[in-house]
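Below is one structure, written out as structure tokens; comments come after it.
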Amino acid sequence: IYTSGTTGEPKGVMLSHANYLKAMKMHDIRITNLSEKDLSMCFLPLTHIFEKAWTYYCLHRGITVAVNRNPAEIRETIKQVRPTLMSNVPRFWEKVYDGVKETIDSASGIVKWLFTDAVKTGRRHNLDYVNKGLKAPLGNRIKFAIYKHTVYYLIKRIIGIEKGNLFPVAGAPLSDNINEFLQSIDVHIIYGYGLTETTATVSCFTSTGYKIGTVGKVMPDIEVKIGENNEILVKGETVMSGYYKKPEATKEAFTDDGFFRTGDAGKLTDDGEIILTERIKDLYKTSNGKYIAPQMIETRISEDKYIDQVAVIGDERKFVSALIVPNYLALKAYAAAQNIKYESIEDLVSNNVIHDFIFGRIELLQSQFTNYEKIKRFTLIPKPFSVDNDELTNTLKLRRKVILDHYADIIDQMYVD
Numbered sequence: 006i007y008t009s010g011t012t013g014e015p016k017g018v019m020l021s022h023a024n025y026l027k028a029m030k031m032h033d034i035r036i037t038n039l040s041e042k043d044l045s046m047c048f049l050p051l052t053h054i055f056e057k058a059w060t061y062y063c064l065h066r067g068i069t070v071a072v073n074r075n076p077a078e079i080r081e082t083i084k085q086v087r088p089t090l091m092s093n094v095p096r097f098w099e100k101v102y103d104g105v106k107e108t109i110d111s112a113s114g115i116v117k118w119l120f121t122d123a124v125k126t127g128r129r130h131n132l133d134y135v136n137k138g139l140k141a142p143l144g145n146r147i148k149f150a151i152y153k154h155t156v157y158y159l160i161k162r163i164i165g166i167e168k169g170n171l172f173p174v175a176g177a178p179l180s181d182n183i184n185e186f187l188q189s190i191d192v193h194i195i196y197g198y199g200l201t202e203t204t205a206t207v208s209c210f211t212s213t214g215y216k217i218g219t220v221g222k223v224m225p226d227i228e229v230k231i232g233e234n235n236e237i238l239v240k241g242e243t244v245m246s247g248y249y250k251k252p253e254a255t256k257e258a259f260t261d262d263g264f265f266r267t268g269d270a271g272k273l274t275d276d277g278e279i280i281l282t283e284r285i286k287d288l289y290k291t292s293n294g295k296y297i298a299p300q301m302i303e304t305r306i307s308e309d310k311y312i313d314q315v316a317v318i319g320d321e322r323k324f325v326s327a328l329i330v331p332n333y334l335a336l337k338a339y340a341a342a343q344n345i346k347y348e349s350i351e352d353l354v355s356n357n358v359i360h361d362f363i364f365g366r367i368e369l370l371q372s373q374f375t376n377y378e379k380i381k382r383f384t385l386i387p388k389p390f391s392v393d394n395d396e397l398t399n400t401l402k403l404r405r406k407v408i409l410d411h412y413a414d415i416i417d418q419m420y421v422d
């Protein structure tokens, strides 16, 4: 199976039957609340290790798998299938979050209060008590039970996941705010970390005791340690034998003591949880010598309902800039409310009032960043990054080199004094 090629040419990863068998056994230990009554929605490409391994695992557990043939029809397919399980990338849940938040923000009076209180109640019940193995106070349990069959049910039914059991999420960073929000409305996210070379999962949330801010606890029988430059190193029976017809790349991928070099930087907590910080090859070094973690910045900025996609720029540059794909529908609605006239999307995204509006929202989001991490300039672009243009992988991760090439002139213009 081939890697996604976000940092270069895709490589053929040699995985054996034994690798997959071990992965099945590890997940049997970690994920216990599944049954043959579950129904999984296969949405991601089966060329990606996350979906392939999850689908294999569902079949191993006797779970029916429904395959969505057209990604463009996923919203309709989910409502038709009503799955209890579905592996997905953070991008899907970001869209869900934006939709629910928009509903809450646009509501008025008692409806807005009800939604807001439901989220607060769910957070307290699921995160402050159940996740810690504690029994919630009676009043909280009663309110949670009411909201479970009203507000949470309504939100999940609109999406098509009201029968939901659990939802594995991996492949890119998931914002802590979004993770917490989903857990609060009773959507049980199993957030994890893995690679093609490790037959997917290296770590993931446990059913209780998980910590938001981490990518979960290291899987059973997997050994993880932190190497030079905080690189996450992995050893175990799920690690590949090597790259197909690439002996030099295979040799470089392992340490002298047999650990696989993930290329990801992170930390390991005393409880065996991984805190993922950045893809090492994605780290930027500004011309001032400061290191920038673009994924961290992009994840934070993408939380805004007016922002759809972000590509942070900064390697060997004086400061951080960004290419931003706005949420065109939300931006059009704002323009209409502000009586801003425009003739095309190109005209809208180049409007100075719109630019200042977006910049103000970015400033609020990056208030906790150090000064050298903050986006100083940005360009709103009139078309989204896409798989068809080779700017995204099939799991919607940025192909940075392609984006830098496609938008070279626009990027250079942002650094003109």
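With our numbering applied, the sequence shown corresponds to residues 6 to 422, in that order. Here a beta-carbon is modelled for each residue, glycine too, at the ideal position from N, C-alpha and C.
Are residue i and residue j closer than 9 Å when you measure CB to CB?
i, j, result
"Lys16", "Tyr7", "yes"
"Ala205", "Ala177", "no"
"Ser326", "Ile416", "yes"
"Thr27", "Asp226", "Thr is not the amino acid found at residue 27; the sequence shown has Lys there. A contact, by the Cβ cut-off of 9 Å."
"Tyr134", "Ala141", "yes"
"Glu99", "Ile36", "no"
"Glu278", "Val220", "yes"
"Tyr102", "Phe186", "yes"
"Asn293", "Lys323", "yes"
"Leu39", "Leu90", "yes"
"Ile363", "Leu353", "no"
"Ile194", "Phe172", "yes"
"Ile359", "Ala340", "yes"
"Gly218", "Ile280", "yes"
"Leu403", "Ile329", "no"
"Ser180", "Thr304", "yes"
"Ser9", "Thr201", "yes"
"Asn75", "Thr82", "yes"
"Phe264", "Glu228", "yes"
"Asp361", "Tyr333", "no"
By Cβ distance, which residues of its chain are closer than 6 Å to residue i, with the 5 residues on each side in sequence left out?
i, result
"Ile237", "Thr267, Asp269 and Gly271"
"Ile79", "Phe48 and Asn73"
"Ser189", "Val124, Gly127 and Arg128"
"Lys230", "Leu238"
"Thr5", "Past the edges of the chain, shown from 6 to 422, lies residue 5, and the structure says nothing about it."
"Lys84", "Gly165"
"His130", "Ala141, Asn145 and Phe149"
"Leu44", "Thr69, Pro88 and Thr89"
"Thr243", "Asn24, Lys27, Ala28, Thr203 and Thr204"
In terms of alpha-carbon separation, which member of the options lies closest to residue i?
i, options, result
"Ser391", "Leu200, Ala77, Ser208 and Ala341", "Ala77"
"Glu308", "Glu321, Lys106, Tyr61 and Gln418", "Lys106"
"Lys381", "Pro389, Arg305 and Ile367", "Ile367"
"His53", "Ile306, Asp110 and Thr203", "Thr203"
"Glu396", "Leu336, Val223, Val315 and Glu351", "Val315"
"Gly241", "Lys250, Thr211 and Val207", "Val207"
"Tyr157", "Lys137, Asp122 and Ser180", "Asp122"
"Pro387", "Pro331, Tyr339, Ile306 and Arg404", "Pro331"
"Thr282", "Gly319, Leu385, Tyr198 and Lys310", "Tyr198"
"Ala335", "Ala298, Leu328, Tyr311 and Gln343", "Tyr311"
"Ile302", "Ile280, Pro252, Gly247 and Leu370", "Leu370"
"Glu167", "Leu179, Asp191 and Ser180", "Asp191"
"Asn136", "Asp181, Lys161, Glu228 and Lys216", "Lys216"
"Glu321", "Met245, Lys295 and His154", "Lys295"
"Asp33", "Met224, Thr398 and Asp414", "Met224"
"Glu378", "Val317, Tyr347 and Tyr196", "Val317"
Bridge partners for residue i per DSSP, in chain order?
i, result
"Gly197", "Cys209"
"Thr274", "Bridge partners of Thr274: none, in fact."
"Phe172", "Ile194"
"Glu236", "Ala270"
"Leu90", "Ser45 and Leu171"
"Arg382", "Ser326"
"Val317", "Ala327"
"Glu228", "Lys240"
"Asp259", "Residue identity differs from the one stated: residue 259 is Phe in this sequence, not Asp. According to DSSP, which records beta bridges pairwise, Phe259 is partnered with Phe265."
"Val72", "Cys47"
"Leu403", "Leu397"
"Glu283", "Ala270"
Compute the beta-carbon to beta-carbon distance between residue i and residue j, rounded to the nearest angstrom, for a pair I have assumed lies under 8 Å.
i, j, result
"Met423", "Tyr249", "Nothing about residue 423 can be read from this structure; the chain reaches only from 6 to 422."
"Thr291", "Gly247", "Incorrect: roughly 36 Å between the Cβ atoms, too far for contact."
"Lys57", "Leu51", "5 Å"
"Arg96", "Leu401", "5 Å"
What residues in its chain sit with their C-beta under 8 Å from that of residue i, if we drop five residues either side in the sequence?
i, result
"His411", "Asn394 and Glu396"
"Met423", "Here the chain comprises residues numbered 6 to 422, so residue 423 is not present and cannot be evaluated."
"Pro389", "Asp313, Gln314 and Val330"
Excluding five sequence neighbours on each side, which residues of the same chain lie with their C-beta closer than 7 Å to the C-beta of residue i?
i, result
"Ala298", "Thr282, Glu283 and Leu288"
"Lys117", "Ile109"
"Leu119", "Val156"
"Ala112", "Phe120"
Please indicate yes or no: does the CB of residue i lie closer than 8 Å to some heavy atom of the ligand FMN?
i, result
"Ile195", "With respect to the ligand FMN, the structure shown offers nothing to examine, as it has no ligands at all."
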